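First residue of the sequence shown? That's 19 in our numbering, and the numbers climb one at a time after it. Only one structure is covered here, and it is reproduced in the block below.
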Amino acid sequence: MKLANKVALITGAGSGMGRIASLLFAREGAAIAAVDINEAAALETAKLIEAEGGRAIAIRADVSSSADAAAMVAATVAKLGAPDILYNNAGIEGKSDSLVNLTEDDFDRVIAINLRGVWLGMKHALPHMIKKGGGSIINTASIAGLVGLRNSGAYCAAKAGVIALTRVAALEYGRYNIRVNAICPGAIDTPMVSRIQGGGSLSESAVRRISTLGRIGKPEEIARMALFLASDDASFATGAPFIVDGGWTIS
Ligand SMILES: NC(=O)c1ccc[n+]([C@@H]2O[C@H](COP(=O)([O-])OP(=O)(O)OC[C@H]3O[C@@H](n4cnc5c(N)ncnc54)[C@H](O)[C@@H]3O)[C@@H](O)[C@H]2O)c1
């Protein structure tokens with residue numbers, strides 16, 4: 019098992035990639051703090067892990083709130099021990115609209131959850147990881163942090179910011195044996211993508227445009243990259259954005 023005796027705090031653990039990663043990390047031996055703003059969804063993830071014989075707790079937190087971020091880390095430390103792994107995965111797609119039409123509230127909400135939330139997770143978990151002697155932080159960015167996407171100004175800015183924060187965190191905390199990396203998924207089959215499509219699925223031509231493999235990704239395919247980064251397999255990887263996009267950004 020790649021994560022035996024490790025404690026992993028995973029945000030956005032109630033759905034999509036966060037839930038699948040929580041299950042995979044638990045199968046690899048980690049105790050999971052499943053954090054989500056949707057408490058019932060976090061509980062469901064914890065139950066799924068326990069049903070497989072794993073160890074998990076569910077925590078309700080809004081990652082954009084400093085008080086909640088502090089409380090999610092404190093609850094993890096109290097119930098499972100200091101985290102060895104922090105997977106800042108929670109995020110929202112935000113409103114799809116042009117820069118002119120976005121409201122300040124639309125913009126601020128996406129930045130608060132997708133960017134400030136990542137910083138707050140690190141701010142509150144890092145002191146415990148330093149005390150513990152090391153750890154691995156994985157931040158969910160997106161290919162939207164690398165290329166421009168129409169009608170996604172706040173989302174692209176937030177995800178580019180996540181990549182920047184990841185580099186700074188890696189620089190500042192490498193000397194404490196803490197690695198910090200980002201994952202940049204392409205289009206992955208989760209409730210988020212289905213919401214963006216208004217409940218439907220992507221057209222064949224859209225899929226061809228965004229993946230040279232002719233299909234969108236599965237959450238498991240991102241969870242396996244997260245597992246690699248969380249584990250000692252990635253012992254010399256830090257400060258880097260790992261692209262898992264089926265070739266979307268090749269050209
Ligand atoms: N699905 C994709 O194609 C895709 C591509 C690139 C990046 N991403 C990113 O991957 C991450 C996971 O997305 P997903 O596709 O699994 O989405 P999802 O909507 O299935 O899951 C996101 C989870 O985050 C939770 N969440 C939302 N706001 C929160 C908050 N303020 N505090 C705590 N939890 C909150 C939601 O309740 C939900 O359970 C996000 O950061 C997203 O931006 C997704």
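Don't be surprised by glycine CBs; every beta carbon is placed ideally from N, CA and C. These figures come from a predicted structure and were not determined experimentally.
Worksheet item: Can you name, in chain order, every residue of its own chain whose Cβ lies under 6 angstroms from the Cβ of I55, other than the five neighbours on each side?
Response: On the sequence shown, position 37 is the one that residue 55 refers to. Closer than 6 angstroms at Cβ, skipping near neighbours: D80.
Discussion item. Am I right that P101 and M140 are in contact with their C-beta atoms under 8 angstroms? What's the rounded C-beta distance?
Written reply: On the sequence shown, residue 101 is found 83 positions in, with the first residue counted as 1. On the sequence shown, residue 140 is found 122 positions in, with the first residue counted as 1. About 11 angstroms separates the two Cβ atoms, so there is no contact after all.
Item to complete: Just mark A87 as buried or exposed, buried being the case when its beta carbon has 16 or more other beta carbons within 10 Å.
Response: Within the sequence shown, the letter at position 69 stands for residue 87. By the 10 Å Cβ count, A87 comes out buried.
Item to complete: Drop a sphere of 10 angstroms on the beta-carbon of K24, count the other beta-carbons inside from all chains shown, and report buried for 16 or more, exposed for fewer.
Response: Position 6 of the sequence shown holds residue 24. The residue in question, K24, is buried, as its Cβ has 16 or more Cβ neighbours within 10 Å.
Discussion item. With the cut-off set at 7 angstroms, would you say A200 and I214 are in Cβ contact?
Written reply: The sequence position of residue 200 within the sequence shown is 182, counting from 1. The sequence position of residue 214 within the sequence shown is 196, counting from 1. No, the Cβ-Cβ distance between A200 and I214 is not below 7 angstroms.
Discussion item. Distance check for I103 and A248, CA to CA, integer angstroms please.
Written reply: Here residue 248 refers to the residue found at position 230 when the sequence shown is read from its first residue. Here residue 103 refers to the residue found at position 85 when the sequence shown is read from its first residue. Each residue's Cα considered, the two are about 6 angstroms apart.
Worksheet item: For T230, is the classification buried or exposed, using 16 other Cβ atoms within 10 angstroms of its Cβ as the cut-off for buried?
Response: Stepping through the sequence shown from its first residue, residue 230 is reached at position 212. Counting Cβ neighbours within 10 Å, T230 comes out exposed, since fewer than 16 surround it.
Item to complete: Using three-state DSSP, classify S170 as helix, strand or coil.
Response: In the sequence shown, residue 170 corresponds to position 152, counting from 1. DSSP places S170 in strand when its eight states are reduced to three.
Worksheet item: Do you know offhand how far E70's Cα is from V225's?
Response: The count along the sequence shown starts at 1 and reaches residue 70 at position 52. The count along the sequence shown starts at 1 and reaches residue 225 at position 207. If you take the alpha carbons of E70 and V225, they lie about 34 angstroms apart.
Fill in: Residues bridged to N199 (per DSSP)
Working through the sequence shown from its first residue, we reach residue 199 at position 181. Partner(s): I156.
Worksheet entry | Between the CA atoms of C174 and K20 - distance to the nearest angstrom | If you number the sequence shown from 1, residue 20 lands on position 2. If you number the sequence shown from 1, residue 174 lands on position 156. A direct Cα-to-Cα measurement between K20 and C174 gives close to 33 angstroms.
Worksheet item: Cβ of N195 versus every heavy atom of ligand 2: is any distance shorter than 6 angstroms?
Response: Judged by which ligands are present, ligand 2 is missing from the structure shown, whose ligands are ligand 1.
Worksheet item: Roughly how many angstroms lie between the CA atoms of S269 and R233, to the nearest whole one?
Response: As a first step, residue 269 must be located in the sequence shown, where it is residue number 251. As a first step, residue 233 must be located in the sequence shown, where it is residue number 215. S269 and R233: Cα-Cα distance of roughly 17 angstroms.
Worksheet item: Grouping DSSP H, G and I as helix and E and B as strand, with all else coil, what is G135?
Response: Translated into the one-based positions of the sequence shown, residue 135 becomes position 117. Residue state, collapsed to three classes: helix.
Worksheet entry | Uninterrupted alpha helix (DSSP H) stretches inside the segment 216-248 (no shorter than 4 residues) | 222-228, 237-248
Item to complete: Tell me whether the beta-carbon of I75 lies closer than 7 angstroms to the beta-carbon of A51.
Response: If you number the sequence shown from 1, residue 75 lands on position 57. If you number the sequence shown from 1, residue 51 lands on position 33. Closer than 7 angstroms, so yes.
Worksheet entry | Under the three-state DSSP convention, the category V25 falls into | The sequence position of residue 25 within the sequence shown is 7, counting from 1. Looking at V25 - three-state DSSP - the assignment turns out to be strand.
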